[in-house]
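Student: Sharing a structure, written as structure tokens. Questions coming.
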Amino acid sequence: MSLSSRNQTPDMDVADGTEENLPGIIQPESKKEKLHREILERITRLNEEFELRKSKLFREKSDGLSRELKQIYHETHPEFKASLEELVSQRDESLYATKLYREYLTTHVERIYEAEVQKAEEEYEREKQGIKEKLLATIEEKKSKLKEDKDSSQIINEYAIESPSRSHSTRKLRKRNMEHTEVKPTKRRNLSGPAISIALKEEEIREDMTMLRGESSSSDDEPSHKAHDIPHGQSLH
Numbered sequence: 001m002s003l004s005s006r007n008q009t010p011d012m013d014v015a016d017g018t019e020e021n022l023p024g025i026i027q028p029e030s031k032k033e034k035l036h037r038e039i040l041e042r043i044t045r046l047n048e049e050f051e052l053r054k055s056k057l058f059r060e061k062s063d064g065l066s067r068e069l070k071q072i073y074h075e076t077h078p079e080f081k082a083s084l085e086e087l088v089s090q091r092d093e094s095l096y097a098t099k100l101y102r103e104y105l106t107t108h109v110e111r112i113y114e115a116e117v118q119k120a121e122e123e124y125e126r127e128k129q130g131i132k133e134k135l136l137a138t139i140e141e142k143k144s145k146l147k148e149d150k151d152s153s154q155i156i157n158e159y160a161i162e163s164p165s166r167s168h169s170t171r172k173l174r175k176r177n178m179e180h181t182e183v184k185p186t187k188r189r190n191l192s193g194p195a196i197s198i199a200l201k202e203e204e205i206r207e208d209m210t211m212l213r214g215e216s217s218s219s220d221d222e223p224s225h226k227a228h229d230i231p232h233g234q235s236l237h
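Counting in the numbering used here, the sequence shown runs from 1 upward without gaps.
Dropping the structure here:
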């Protein structure tokens, strides 16, 4: 009950002429008034508690946010750490896959490099062996030809030493053939010296060689009229 209602009550009581309406006398609260007063006090107390709790909650929330900000800056926030651990795991997996791919590429490139090196070495060895075999074949051919020339020279020398009469008849035959094709002067110059150099054609040399080989294998056959004489002491050029 409000004070205004209380002040109006004595006036009404005075008009009624009773003792309750006398001024200066406090009237006891009724149950209704008491209930109303208690409700008001409770509401006031609840409002005060709410304000206190609201202020406390605000301070707690503000302090919590400040702490979270500090934790985020220092990378110690629980949620940040959980997200960071997931990112670290993804990063490690990606780096591991990249490392494996790098090792694969390195191994593949190394194999290609080794194959190319081996191919180049094999080609080099093959070409080197080919050059060597070619040079060896050339040298062997020259050696064989030189041996044949040596054997032919020995046969010629032996024939010239052992068959002077055959050489003499062959020389006469060659001179006779030359007289048919060339005009000789009436006078001949006498030549002297230990050796006479006769320039023969390659065809004549081959004919002489054929004739000499045939005579060395036969007993006493007559020399061919195509052979040419190489007397003892003469050299071929």
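We treat Cβ as the ideally placed atom computed from N, Cα and C, and that holds for glycine.
This structure is a prediction, so every number in the text was calculated from the model and none was measured.
1) Whole angstroms are fine: how far does the CA of proline 78 sit from the CA of glutamate 86?
2) To the nearest angstrom, how far is it from the Cα of glutamate 110 to the Cα of threonine 76?
3) Just the Cα atoms here: how many angstroms apart are glutamate 51 and leucine 57?
4) Do you know offhand how far proline 10's Cα is from lysine 34's?
5) Under three-state DSSP, which class holds glutamate 79?
6) Per DSSP, what kind of secondary structure is glutamine 297 in: helix, strand or coil?
Tutor: In terms of the structure at hand:
1) What you label residue 86 is simply residue 86 of the sequence shown in a count that begins at 1. What you label residue 78 is simply residue 78 of the sequence shown in a count that begins at 1. Each residue's alpha carbon lies about 12 Å from the other.
2) Counted from its first residue, the sequence shown places residue 110 at position 110. Counted from its first residue, the sequence shown places residue 76 at position 76. Cα to Cα, glutamate 110 sits roughly 46 Å from threonine 76.
3) Along the sequence shown, one-based indexing puts residue 51 at 51. Along the sequence shown, one-based indexing puts residue 57 at 57. C-alpha separation (whole angstroms): 10 Å.
4) Within the sequence shown, numbered from 1, the residue matching residue 10 stands at position 10. Within the sequence shown, numbered from 1, the residue matching residue 34 stands at position 34. Legend: pLDDT at proline 10 = 44, less than 50; position of this residue unreliable, no value from coordinates given.
5) The residue labelled residue 79 in the question sits at position 79 within the sequence shown. Three-state result, glutamate 79: helix.
6) With the chain running from 1 to 237 in the structure shown, residue 297 is simply not present.
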